[in-house]
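Trainee: Here it is, the structure in full.
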Amino acid sequence: MRAALQEHLAQASHVPPNDLLEHQMVYGDRAKLHVHPTAVLNNALFNLSSGEITIEEYAFFGHSVSVLTGTHDISKRDRERQVTVPKSGRDVVIGRGAWVSSNALVLGPCRIGEHSVVAAASVVTADVPPYTIVAGIPAKPVRTLARPDQEAETFGQEQPPAEPAGAP
Ligand SMILES: CC(C)(COP(=O)(O)OP(=O)(O)OC[C@H]1O[C@@H](n2cnc3c(N)ncnc32)[C@H](O)[C@@H]1OP(=O)(O)O)[C@@H](O)C(=O)NCCC(=O)NCCS
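Residues 1 to 168, numbered by this note's numbering, are exactly what the sequence shown covers, in order.
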């Protein structure tokens, strides 16, 4: 009975299979996309019109992340604006172990430092230091993460005073 119900629900479902969530969309020359085999990209969109994109080891993305190097010359108009696209100069590097979470947008040129985190739906418009959480539009540092040999530090918040000596 349970198996029959599951089969019925599977057939009746209008939800498409999830395999598309693991396929990347690439606009431009694929030779400009450099992905370490340990990186996880899900259904990212890469625009390679105006630079190279490098994803280092163990970096990983949530769903629907976009990484864009392309731009247009906004001093131009009409057809000229559509086609005036620099071929280089707007590279993106996503450093080792960085987590770019769902729906984030990364605009080149920039480097996301190793082991950093880009919060959901944030727009990265500048370099992100290593071991740093950035969030918002544009993405700004909200916290640092502990390096293997350091304590974490909080941006914009006062640290609580140290406990007096002898406190219980
Ligand atoms: C980045 C993230 C991991 C940080 O989580 P956290 O360590 O619990 O951090 P907090 O929730 O304490 O947030 C720290 C600050 O950043 C802000 N912030 C967190 N995420 C934010 C976002 N996506 N956009 C804007 N601001 C955000 C918080 O409001 C908070 O600000 P405050 O200090 O002024 O109150 C989490 O916010 C996030 O974006 N997770 C992604 C989830 C996701 O995409 N999952 C899919 C699986 S890959």
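Where is the CB? At the ideal position from N, CA and C, for every residue including glycine.
(1) Hey, residue 123 and residue 137: beta-carbon distance below 9 Å or not?
(2) Taking the C-alpha atoms as reference points, what is the distance between residue 42 and residue 60?
(3) Under the criterion of a Cβ to heavy atom distance below 8 Å, does residue 117 qualify as lining ligand 1?
(4) Thinking C-alpha only, which one of 132, 141 and 140 is nearest residue 147?
(5) Does the count of Cβ pairs from the segment 30 to 50 and the segment 65 to 75 closer than 8 Å reach three?
(6) Report yes if the C-beta distance between residue 108 and residue 128 is below 9 Å; otherwise report no.
(7) Does the beta-carbon of residue 26, which I'm using as the reference point, lie nearer than 8 Å to any heavy atom of ligand 1?
(8) With distances taken Cα to Cα, identify the nearest neighbour of residue 38 among 141, 24, 56 and 126.
(9) Using the Cβ count rule (16 or more neighbours within 10 Å means buried), how would you classify residue 90?
(10) Taking 8 Å as the cut-off, is the C-beta of residue 103 nearer than that to any heavy atom in ligand 1?
(11) Applying the criterion that 16 or more other CB atoms from any shown protein chain within 10 Å of the CB defines a buried residue, is residue 114 buried or exposed?
(12) Leaving out five residues on either side along the sequence, give the residues of the same chain with a beta carbon under 6 Å from the beta carbon of residue 121.
(13) Excluding the 5 residues preceding and the 5 following residue 73 in the sequence, name in chain order all residues of the same chain whose CB lies nearer than 6 Å to its CB.
(14) Helix or strand or just coil, what does DSSP make of residue 135?
(15) So, are the CB atoms of residue 126 and residue 139 less than 9 Å apart?
(16) Which residues in the same chain as residue 53 place their Cβ atom closer than 6 Å to its Cβ, once the five residues preceding and following it in sequence are excluded?
(17) Identify the continuous alpha helix (DSSP H) that holds residue 79 and give its terminal residues.
(18) Using the beta-carbon count (16 or more within 10 Å), is residue 4 buried or exposed?
Mentor: Checking against the coordinates, here is how it stands:
(1) yes
(2) 8 Å
(3) yes
(4) 132
(5) yes
(6) no
(7) no
(8) 56
(9) buried
(10) yes
(11) buried
(12) 103
(13) 84
(14) strand
(15) yes
(16) 33, 46, 67 and 92
(17) 78 to 83
(18) exposed
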